Amino acid sequence: MTSGTLAIEAQELVKTYPGGVQAVRGISFAVEDGEAFGLLGPNGAGKTTTIGMLNSTVTPTSGRALLGGRDVARDPVGTRSISSVVFQDAVVDRPLTGRQNLELHLRLWGVSGPEGRRRLSELTEAVGIVELLDRPVGSYSGGERRRLEIARALLSAPQVLFLDEPTVGLDTRVRHDLFDAIAGLREQTGVTILMTTHYLDEAERLCDRIAVVDAGSVVACDSPANFLASLGDEMLDVRVDDTERVVRVLRSHGVAPDDVVVIGGTVTASLRAMSGGDALQLLAESSVDVRSATTRSPSLDDVYLRLTGDPIAPTDQLERTLP
Amino acid sequence: MTMTATAPATLSVIPDHRSTKVGAVRTLALRRLALTLRNPRSVAVPVLTPLLFALVIAPALANTIAAPAGANAYMTYVALATAGLLIPLNCMFSGLGVIVDRQQGAMRELLVAPIRRSSIVLGNLVAALAVTTGQLVVLIAASALRGATYTAGLHVLWFVGAALLFAILMYGLAEVLSTRLQSPEEYIGVLPVVAIVPFFFAGTLFPITSLPQWLDAVAKVLPLTHAMALFRYGLTAHSGVQALHNIWGMSNAGVMALLSLAVVGLYALVVFVGAIRLFTRAGTS
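These protein sequences, in sequence, are chains A and B.
So for the first sequence, this note's numbering puts the first residue at 1037; every next one is plus one.
So for the second sequence, this note's numbering puts the first residue at 119; every next one is plus one.
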């Protein structure tokens, strides 16, 4: 964060679509200039609708959105001039070349002449697509196209960059590669980022703060470090036939109700006052038949589970498996 | 493919900026033209279609239907009628691009650009007008070379004015349909009803007085009938006066031409303003 001024303000935003579908039920948050802020939640949580209300493509049913202190509803063109969006899906003109797409963006955002050309050259170099520029975008891979879109979004030097699930559909390697590029560009430009994602590792890697969104509402907002610290030092996952019995045993030995989550035949518990080994010993003494057990560090997935009761993505951060 | 990014230490700063309305319309028109004319087929079809009508179909119909003495006049009559087909078809096909933009995602980028929504519609209109103008020039030039006889001078402005307003009307209709209809298939299904059917009842291949009486009344409210009469009035004064008289039944050609121009203009104004409003509303859910 570079200063205390607000780049984005969402004030009690509500969106109800015709037919009574409530996509967003009163979301409020504020993002400081230069901050990277994440909206984390599953599909249908209201993340994209929230971004739509901030970039004036969705009209709020009630509430107020401000970008750079300007009211989005009153000055949609002005607020769009200081922001850019990288969408979930490709929004490029595929028959045109990468260069033509970038030049189109420059002209639409009113950046012309040598400044625009210099910016285009710098950004395409920064995201590593210089050699692709004169090929039709239809011939790009998914990762290349997404790099082009990120470069394009930054061409006009926006004050606010909306990243709406920017890596969805990309394979893991390309996803990580792309995220390095985004993080590097953030360092160079100081742009304020509002990102939606359901990839927890991305949110943890890029965002200074995260708002967990569930069913159209923000259920918690904090830094990734504080979220993780709230879970203790160690997580235990046990697969059993009788989950209720495991929950009873753990709770009777001081594990808080909020710290135990059951998904199918797996019980996940945050361990604060005991180690994983102690917990397994306890289950063995209580004659619980444990099929498999794993201990690991807490992840944002656990945060999400604890806050919403639903898993957001498969955990891939196993550290060691106990016998 | 793994790419290695060599990022510069800092990125250049650019001053406050915003595209002007004219600049935005120009940019969007050039985009649409670049997309329309992106391959040889896209260039060839708009050029070959008027050539086919001017050099083959009009002379063939004239030789088949008209007496030898009147063949040249009828060829001119049919060649001009082709304008009443080319303008709607080209404008309607331009509207298809809006659906493609929406389906392939490019529309989302345009909707978050710092431009007014109306600029998007106007940009597409300018591109459609540019292609239509090219087609009409090819049509008139080729048919003149084939023997059609047109009057020259300022009277041509009646043709230009009517063609411009009629093209705005047809593109407005295309924009309305492309905003309302979700898929290219639905759009293509409606296209003949809007662009082709009126052609046969608007005094194109024969005067509207040859129609049954009830259809004659229908023809008089069709904008194409008025545009067609003005096309003829602008480029072939005699048949134009006759066409205008068939609509209005007056003797003052200038008054009749003004009335017909007002009719086409009113249609164009109502439909195009409606199209912009509809598009603007649809751009924000």
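Glycine residues also receive a C-beta, built at the ideal position from the N, C-alpha and C atoms.
Predicted model only: the values in this text are computed from it and were never measured.
- Message: List, in chain order, every chain A residue whose beta-carbon is nearer than 8 angstroms to that of Val-230(B).
- Response: As a working mapping, residue 230(B) is identified with position 112 in the second sequence. Listed along chain A, the residues sitting closer than 8 angstroms to Val-230(B) by beta-carbon distance are Asn-1091, Ser-1092, Thr-1093, Arg-1116, Ser-1119, Ser-1120, Val-1121.
- Glu-1238(A) classed as buried or exposed, judged by whether at least 16 other C-beta atoms fall within 10 angstroms: Walking along the first sequence from the start, residue 1238(A) turns up at place 202. With 16 or more other CB atoms across the displayed protein chains lying within 10 angstroms of its CB, Glu-1238(A) is buried.
- Return the bridge partner residues of Tyr-1051(A) from the DSSP annotation. To locate residue 1051(A), count along the first sequence from 1; it is residue 15. For clarity, residue 1051(A) is Lys in the given sequence; the question names Tyr instead. For Lys-1051(A), the pairing in a beta bridge is given by DSSP as Val-1060(A).
- Task: Could you check the C-alpha separation between Asn-1091(A) and Ser-357(B) for me, to the nearest Å?
- Result: Taking the first residue of the first sequence as 1, we reach residue 1091(A) at position 55. Taking the first residue of the second sequence as 1, we reach residue 357(B) at position 239. The straight-line gap from Cα to Cα measures roughly 55 angstroms.
- Message: If the cut-off is 7 angstroms on Cβ atoms, which residues from the stretch 1129-1157 of chain A count as contacting chain B, listed in chain order?
- Response: Within the stretch 1129-1157 of chain A, the residues whose Cβ lies closer than 7 angstroms to some Cβ of chain B are Asp-1129, Arg-1130, Pro-1131, Leu-1132, Gln-1136, Leu-1140, Arg-1143, Leu-1144, Trp-1145, Gly-1146, Val-1147, Glu-1151, Arg-1154, Arg-1155, listed in chain order.
- Rounded to the nearest angstrom, how far is the Cβ of Leu-214(B) from that of Tyr-305(B), given a contact under 8 angstroms? Residue numbering aside, residue 214(B) sits at position 96 when the second sequence is read from its first letter. Residue numbering aside, residue 305(B) sits at position 187 when the second sequence is read from its first letter. Yes, they are in contact, since the Cβ atoms of Leu-214(B) and Tyr-305(B) sit about 6 angstroms apart, within 8 angstroms.
- Query: Is Thr-1228(A) near Ile-1063(A), with beta carbons less than 8 angstroms apart?
  - Reply: As a first step, residue 1228(A) is located in the first sequence; it is residue number 192 there, counting from the start. As a first step, residue 1063(A) is located in the first sequence; it is residue number 27 there, counting from the start. Taking a C-beta distance under 8 angstroms as the contact criterion, Thr-1228(A) and Ile-1063(A) do not qualify as a contact pair.
- Query: Three-state secondary structure (DSSP) at Ala-1256(A)?
  - Reply: Locating residue 1256(A) in the first sequence gives position 220, where the first residue counts as 1. DSSP places Ala-1256(A) in strand when its eight states are reduced to three.
- May I ask you to list the residues that DSSP assigns as paired with Asp-1273(A)? Position 237 of the first sequence holds residue 1273(A). Paired residue(s): Thr-1304(A), Thr-1330(A).
- Message: Check for me: the beta strand (DSSP E) holding Thr-327(B) runs from which residue to which?
- Response: As a working mapping, residue 327(B) is identified with position 209 in the second sequence. Counted as a single uninterrupted DSSP element, the stretch harbouring Thr-327(B) is not any beta strand (DSSP E), since DSSP gives it neither H nor E.
- Neighbourhood of Thr-1160(A) by C-beta, 7 angstroms cutoff - its chain only, sequence neighbours within 5 removed: Translated into the one-based positions of the first sequence, residue 1160(A) becomes position 124. So the qualifying residues of the chain are Val-1166, Leu-1169, Ala-1187.
- Item | Contact list for the stretch 1300-1331 of chain A against chain B, Cβ threshold 7 angstroms | Here the close residues number zero.
- Query: Once you ignore the five residues that flank Ser-1117(A) on each side, which residues in its own chain have a CB closer than 6 angstroms to its CB?
  - Reply: In the first sequence, the residue the question calls residue 1117(A) occupies position 81. The beta carbon of Ser-1117(A) sits closer than 6 angstroms to none of the beta carbons in its chain outside the five residues before and after it.
- Query: Going along chain A in order, which residues have a C-beta closer than 9 angstroms to the C-beta of Arg-226(B)?
  - Reply: For the purposes of this step, residue 226(B) is taken as the residue at position 108 of the second sequence. Within chain A, the residues Thr-1093, Val-1121, Phe-1123, Asp-1125, Val-1127 have their CB atoms less than 9 angstroms from the CB of Arg-226(B), given in chain order.
- Message: Let me see if you follow: with CB-CB separation under 8 angstroms, is Leu-153(B) close to chain A or not?
- Response: By 1-based counting over the second sequence, the position of residue 153(B) is 35. A Cβ of chain A is located within less than 8 angstroms of the beta carbon of Leu-153(B).
- Message: If I measure Cβ to Cβ from Pro-1350(A) and keep anything under 6 angstroms in the same chain, skipping five residues before and after, which residues do I get?
- Response: Your numbering for residue 1350(A) matches position 314 in the first sequence. The predicted position of Pro-1350(A) is uncertain, since its pLDDT is 39 and thus under 50; a value taken from the coordinates is nonetheless stated next. Beyond the five residues adjoining it in sequence on each side, Pro-1350(A) comes within less than 6 angstroms, by CB distance, of no other residue in the same chain.
- C-alpha distance - Thr-343(B) paired with Thr-200(B), whole-angstrom precision: Translated into positions along the second sequence, residue 343(B) becomes position 225. Translated into positions along the second sequence, residue 200(B) becomes position 82. Each residue's CA atom was taken as its position, placing Thr-343(B) and Thr-200(B) some 13 angstroms apart.
- Which of helix, strand or coil DSSP assigns to Ser-1266(A): For the purposes of this step, residue 1266(A) is taken as the residue at position 230 of the first sequence. Coil.
- Message: Run through chain B and tell me which residues come within less than 8 angstroms of Val-1113(A), C-beta to C-beta.
- Response: As a first step, residue 1113(A) must be located in the first sequence, where it is residue number 77. One finds Arg-136, Pro-232, Ile-233, Arg-234 in chain B with Cβ atoms closer than 8 angstroms to the Cβ of Val-1113(A), taken in chain order.
- Task: Determine, using beta carbons only, whether Thr-145(B) comes closer than 8 angstroms to chain A.
- Result: Sequence index remark: in the second sequence, residue 145(B) carries index 27 (1-based). At a cut-off of 8 angstroms between beta-carbon atoms, Thr-145(B) makes contact with chain A.
- Query: Can the beta-carbon of Ala-1066(A) be found closer than 8 angstroms to that of Leu-1049(A)?
  - Reply: Locating residue 1066(A) in the first sequence gives position 30, where the first residue counts as 1. Locating residue 1049(A) in the first sequence gives position 13, where the first residue counts as 1. Cβ atoms of Ala-1066(A) and Leu-1049(A): not closer than 8 angstroms.
- From the DSSP output, in three-state form, read off Ile-217(B) for me. Taking the second sequence and counting its residues from 1, one reaches residue 217(B) at position 99. The DSSP-derived three-state label of Ile-217(B) is helix.
- Query: Can you name the residues of chain A whose CB is closer than 7 angstroms to the CB of Ala-142(B)?
  - Reply: Sequence index remark: in the second sequence, residue 142(B) carries index 24 (1-based). Residues of chain A passing the Cβ test: Leu-1144.
- Can you find a C-beta in chain A that's less than 8 angstroms from the C-beta of Gln-222(B)? Taking the first residue of the second sequence as 1, we reach residue 222(B) at position 104. Gln-222(B) counts as touching chain A.
- Hey, does Thr-404(B) have any beta-carbon neighbour from chain A nearer than 8 angstroms? Residue 404(B) falls outside the range modelled here, since chain B spans only 119 to 403, and no answer is possible.
- Query: Alpha carbon to alpha carbon, how far is Phe-1051(A) from Val-1127(A)?
  - Reply: On the first sequence, position 15 is the one that residue 1051(A) refers to. On the first sequence, position 91 is the one that residue 1127(A) refers to. One point to set straight first is that residue 1051(A) is Lys, not Phe, in the sequence displayed. The straight-line gap from Cα to Cα measures roughly 24 angstroms.
- Message: Quick check: is the beta carbon of Arg-298(B) nearer than 8 angstroms to any beta carbon in chain A?
- Response: Numbered from 1 along the second sequence, position 180 holds the residue referred to as residue 298(B). Between Arg-298(B) and chain A, the shortest Cβ-Cβ separation is not below 8 angstroms.
- Item | Nearest to Cys-1243(A) (by Cα), restricted to the options Gly-1070(A), Gly-1056(A), Gly-1055(A), Gln-1047(A) | As a position in the first sequence, residue 1243(A) is number 207, starting the count at 1. For the residues Gly-1070(A), Gly-1056(A), Gly-1055(A), Gln-1047(A), the minimum Cα distance to Cys-1243(A) belongs to Gly-1070(A).
- Message: Distance cutoff 8 angstroms, beta carbons only. Does Arg-156(B) sit that close to anything in chain A?
- Response: The residue you call residue 156(B) lines up with position 38 of the second sequence. Cβ-Cβ to chain A under 8 angstroms: yes for Arg-156(B).
- Message: For a contact defined as C-beta to C-beta under 8 angstroms, what are the partners of Thr-402(B) on chain A?
- Response: Stepping through the second sequence from its first residue, residue 402(B) is reached at position 284. What Thr-402(B) touches in chain A: Ser-1092, Thr-1093, Val-1094, Thr-1095.
- Message: Judging by CA-CA distance, which residue of Leu-169(B), Val-196(B), Leu-170(B) is the nearest neighbour of Thr-182(B)?
- Response: As a first step, residue 182(B) is located in the second sequence; it is residue number 64 there, counting from the start. Out of Leu-169(B), Val-196(B), Leu-170(B), Val-196(B) has the C-alpha closest to the C-alpha of Thr-182(B).
- Message: Please state the DSSP three-state secondary structure of Arg-1245(A).
- Response: As a working mapping, residue 1245(A) is identified with position 209 in the first sequence. The three-state reading of DSSP puts Arg-1245(A) in strand, counting E and B together.
- Message: With DSSP as the reference, identify every bridge partner of Asp-1107(A), one or two as the case may be.
- Response: Residue 1107(A) sits at position 71 when you count from the first residue of the first sequence. In the DSSP assignment, Asp-1107(A) is bridged to Leu-1102(A).
- Determine, using beta-carbon pairs with one atom in the stretch 214-227 of chain B and one in the stretch 290-302 of chain B, whether at least three such pairs fall under 8 angstroms. With the cut-off at 8 angstroms, the stretch 214-227 of chain B and the stretch 290-302 of chain B touch.
- Message: Going by beta-carbon coordinates alone, are Ala-347(B) and Gly-321(B) separated by less than 8 angstroms?
- Response: Here residue 347(B) is taken as the residue at index 229 of the second sequence, counted from 1. Here residue 321(B) is taken as the residue at index 203 of the second sequence, counted from 1. Note that the C-beta distance between Ala-347(B) and Gly-321(B) is below 8 angstroms.
- Query: Is Pro-1359(A) helix, strand or coil by DSSP?
  - Reply: Counted from its first residue, the first sequence places residue 1359(A) at position 323. For Pro-1359(A), the predicted structure reports a pLDDT of 33, less than 50, and the residue's modelled location is therefore unreliable. A value from the coordinates is still provided. The answer is coil: DSSP assigns Pro-1359(A) none of H, G, I, E or B.
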